[in-house]
Amino acid sequence: MATLEIHDLHVSAETDTGPTEILRGVDLTVKQGETHAIMGPNGSGKSTLAYSLAGHPKYTVTGGTVTLDGEDVLEMSVDERARAGLFLAMQYPVEVPGVSVSNFLRTAATAIRGEAPKLRTWVKEVKEAMERLSIDPAFAERNVNEGFSGGEKKRHEILQLELLRPKMAVLDETDSGLDVDALRVVSEGVNRVRETGEVGTLLITHYTRILRYIKPDHVHVFTKGRIVESGGPELADKLEEEGYEQYVKGGTIA
Amino acid sequence: MAQSIPAGSTAAGGVAVAAESTVATRMSAPPSFDVADFPVPHGREEEWRFTPLERLRGLHDGSAEASGGMKAEISAPDGVTVETVGRDDARLGRAGKPVDRVAAQAYSAFEKATVVTVPAEAVLDEAIRVGLHGEGGVSYGHTVFELGAFAEAVVVIDHTGDAVRAANVEFVLGDGAKLTVVSVQDWADTAVHCSQHNALVGRDATFKSVVVTFGGDVVRLHPRVTYAGPGGEAELYGLYFTDNGQHQEHRLLVDHDAPNCRSNVAYKGALQGQDAHAVWIGDVLIRKDAEGTDSYELNRNLVLTDGARVDSVPNLEIETGEIAGAGHASATGRFEDEQLFYLMARGIPADDARRLVVRGFFAELVQQIGLPDLQERLLAKIDEELEASVA
């Protein structure tokens, strides 16, 4: 069973005033089939956690370990992490001009699966996945994320999640900027992947709204670069009522 | 591509409104057919300041004696006339005068010119193909392509081999004619090539130019468009891939002097390697009588490695307020790390991701060209360049 283990993770980023520590000792274990929600206010370092796990060059790991099934994730390049089974659904997916969605998806699937998917079954697979996410078929010929609406970008991320079938999915504020209908469609996509029982999910969010659609097994409150409280789904209800105030006395980090 | 980090670029564009045209005043001499009207450039002149004169092999100072060595082949479908004519033929020099000393040198030095004529209303279903293969040596050329009214043709000019070449190429479009010209500079790494392309676009005629520069030591081209009447349309596309030590320079001019004409310029280049140098000058003039003009020019450069340099200078001069639109854009960026990260985060290895992005960068332009055969050939050629280098 796949397990992601994060132990005492410290991460800093280069800022105008020199390197600033953003993650200050994160401990978290996510097992295949589990869903963990990480909730925290703006500036708490949630997204830094997501990007650090994926290996974004902007962030420097200064301490701690991250392993996936015992393998050292921090030693891997960005593409190796993805091929090892780590997936990051991004809050702000990047435009790639001139590269069509269909070309991109097939190139990614080929890389992840280690061989090019058979064309006929692949076309069917993509078509069905797109239908489930209510994505217009014409979408496949558009350039990756170029001119996509906020909702289209997020659906495109979840389309990749469904097609690439990772062991661990990190969803970075997938709910932000979505209207209720889009949120429902996207959540259903995430739930389909979760129901396979083959993926561990780390759901990073600012709001409790998405937790009405995606039920977490564990909820963690994240402030000032670390987890300050963990509990079951009831912790989300408490946050819904009381907000983050009690956790952020003394202010958030910049 | 989003606005990105400048990388060794100058993009000092300007919009001059109702001022004296700097396009004319910054040239060291007015256009002329006679090489003696141009002083030998020393390199600090506006039109020469980016060009390595010492690598022009004497094309600029009169020391390059014609020695031949250019194998020329022309194939044209039935109905097209191909003639070899003397210097005094009245059909030469109608689309525009040489604007610099090298073009004037070419005009003063060629012995025979080629005139290719497509009769009025002939619609060719096959391209006119010109192959120029250099076998070393210096040559000067002059070629005229003339389309009668409502004729339609595609011309493909391929430059290969090693050569020191200066030439003028004219395109004279009759009323309502449609001409697409593809000029591919696929020279050996030692070649030097300076050419001026003058298009005279007739009333309601459509001119499309596709300039593709991959090879050569120094390539310096002047694609220029003027309009003989209202309603003309010009699309100028360009694509270059500048490697290690290469100098590739494209200096464009669209001279709007007739009303209700359109022009669209889009050039894209990728650079890699030490001392790869690309220059793009985009001049658009909209003169007082050119009411209803619709014009846009764009230059994008993707710098793949350190050590490459781009000079990109868009310039728009407008003498009338009664236009439909005019704009320009120039951006030179490094390969975008965020794109690379996004693709790699989907398991795609760095080299493949880089190839995908560069291919995409060009594909966007290639898609606009609208000639399926050529599109495939260009994308294959880009893949070849990428295979050879990016990895």
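Here the protein sequences line up with chains E and Z, keeping their order. Here my numbering is used: the first residue of the first sequence is 1, the next is one more, and so on. Here my numbering is used: the first residue of the second sequence is 1001, the next is one more, and so on. Backbone N, C-alpha and C fix where the C-beta goes; we use that ideal spot for every residue, glycine too.
Pick from the options that is closest to residue i, judged by C-alpha positions
i: Ala1290/Z; options: Thr1320/Z, Val1265/Z, Ser1330/Z, Asp1088/Z; result: Thr1320/Z
i: Val1172/Z; options: Arg1094/Z, Gln1196/Z, Asp1125/Z, Ile1281/Z; result: Arg1094/Z
i: Ala1345/Z; options: Glu173/E, Gly55/E, Thr208/E; result: Gly55/E
i: Tyr1342/Z; options: Pro97/E, Leu28/E, Asp8/E; result: Pro97/E
i: Ala169/E; options: Tyr51/E, Leu133/E, Pro233/E, Gly18/E; result: Tyr51/E
i: Ala1036/Z; options: Leu1053/Z, Ser1108/Z, Ser1075/Z; result: Ser1108/Z
i: Gly1148/Z; options: Ala1163/Z, Glu1135/Z, Leu1356/Z, Ala1122/Z; result: Ala1122/Z
i: Val1210/Z; options: Arg1055/Z, Arg1129/Z, Tyr1267/Z; result: Tyr1267/Z
i: Arg1359/Z; options: Asp1283/Z, Gly1347/Z, Phe1335/Z; result: Phe1335/Z
i: Gly1079/Z; options: Arg1377/Z, Glu1047/Z, Asp1061/Z, Pro1119/Z; result: Pro1119/Z
i: Ala1329/Z; options: Ala1363/Z, Asp1283/Z, Gln1339/Z; result: Asp1283/Z
i: Leu86/E; options: Leu164/E, Lys118/E, Pro137/E; result: Leu164/E
i: Leu4/E; options: Gly18/E, Val61/E, Gly70/E; result: Gly70/E
i: Asp1352/Z; options: Met39/E, Asp79/E, Gly18/E; result: Asp79/E
i: Val186/E; options: Glu198/E, Arg209/E, Val123/E; result: Arg209/E
i: Ile1369/Z; options: Val1182/Z, Thr1242/Z, Asp1204/Z; result: Val1182/Z
i: Phe1150/Z; options: Asp1204/Z, Val1115/Z, His1159/Z; result: Asp1204/Z
i: Thr35/E; options: Leu119/E, Val190/E, Val228/E; result: Val190/E
Closer than 8 Å: residue i CB and nearest the ligand NAP heavy atom
i: Leu1147/Z; result: The ligand content of the structure shown is nil, which means the ligand NAP is not present either.
CB of residue i within 9 Å of CB of residue j, strictly
i: Thr65/E; j: Ile22/E; result: no
i: Ala1153/Z; j: Leu1132/Z; result: no
i: His1277/Z; j: Leu1285/Z; result: no
i: Arg202/E; j: Val30/E; result: According to the sequence shown, residue 202/E is Leu rather than Arg. A contact, by the Cβ cut-off of 9 Å.
i: Val73/E; j: Thr48/E; result: no
i: Ala1064/Z; j: Val1138/Z; result: yes
i: Pro1031/Z; j: Pro1098/Z; result: yes
i: Gly1327/Z; j: Thr1293/Z; result: no
i: His1193/Z; j: Val1218/Z; result: yes
i: Asn1198/Z; j: Gly1231/Z; result: no
i: Glu1111/Z; j: Arg1091/Z; result: no
i: Gly1069/Z; j: Glu1135/Z; result: yes
i: Ile135/E; j: Glu157/E; result: no
i: Tyr1237/Z; j: Val1201/Z; result: no
i: Asn1264/Z; j: Glu1317/Z; result: no
i: Glu173/E; j: Tyr213/E; result: no
i: Lys215/E; j: Ala182/E; result: no
i: Asn103/E; j: Leu1378/Z; result: no
i: Phe1207/Z; j: Ala1188/Z; result: no
i: Glu14/E; j: Lys58/E; result: yes
Beta strand (DSSP E) segment containing residue i, residue limits
i: Arg1262/Z; result: 1262–1271
i: Ser230/E; result: 226–231
i: Met168/E; result: 168–172
i: Thr17/E; result: Careful: Thr17/E lies outside any beta strand (DSSP E) and carries neither H nor E.
i: Phe222/E; result: 218–223
i: Gly1096/Z; result: Per DSSP, Gly1096/Z belongs to no beta strand (DSSP E) and is neither H nor E.
i: Gln1248/Z; result: 1247–1256
i: Met1344/Z; result: Looking at the DSSP string, Met1344/Z is not in any beta strand (DSSP E); the run it does join, the alpha helix (DSSP H), is 1337–1344.
i: Glu1413/Z; result: Here chain Z comprises residues numbered 1001 to 1391, so residue 1413/Z is not present and cannot be evaluated.
Close beta carbons around residue i, own chain, < 7 Å, minus the five adjacent residues each side
i: Val248/E; result: Pro41, Thr223
i: Met1/E; result: Lys31, Gln32
i: Ile1281/Z; result: Arg1251, Leu1252, Val1313
i: Leu1365/Z; result: Tyr1237, Leu1239, Ala1266, Lys1268
Residue interval of the alpha helix (DSSP H) (run including residue i)
i: Glu256/E; result: The structure shown does not extend to residue 256/E, since chain E is modelled only from 1 through 254, so no value can be given for it.
i: Ser47/E; result: 46–54
i: Ala1104/Z; result: 1101–1109
i: Tyr244/E; result: No alpha helix (DSSP H) contains Tyr244/E, which DSSP labels as neither H nor E.
i: Ser102/E; result: 101–113
i: Gly189/E; result: 180–195
i: Val1357/Z; result: 1350–1369
i: Ala84/E; result: 78–84
6 Å Cβ shell around residue i - same chain, five flanking residues per side excluded
i: Ala84/E; result: Leu68
i: Thr1117/Z; result: Thr1081, Glu1146
i: His1428/Z; result: Because chain Z in this structure spans residues 1001 to 1391, residue 1428/Z falls outside the shown range and cannot be described.
i: Leu1124/Z; result: Pro1077, Ala1153
i: Leu9/E; result: Leu23, Val26, Gly64
i: Leu1302/Z; result: Ala1270, Phe1361
i: Leu28/E; result: Ile6
i: Tyr244/E; result: Pro41
Other residues of its chain near residue i: CB distance less than 8 Å, five sequence neighbours each side excluded
i: Ser100/E; result: Ala140, Glu141, Arg142, Asn143, Val144
i: Asn1244/Z; result: Gln1272, Gly1273, Gln1274, Asp1275, Ala1276
i: Arg1044/Z; result: none
Is it a yes or a no for the segment 1097–1107 of chain Z touching the segment 1157–1172 of chain Z, going by three-plus beta-carbon pairs under 8 Å? yes
Does the count of Cβ pairs from the segment 145–162 of chain E and the segment 203–215 of chain E closer than 8 Å reach three? no
Please confirm if the segment 1381–1389 of chain Z is in contact with the segment 109–125 of chain E, defined as three or more CB-CB distances below 8 Å between the two stretches. no
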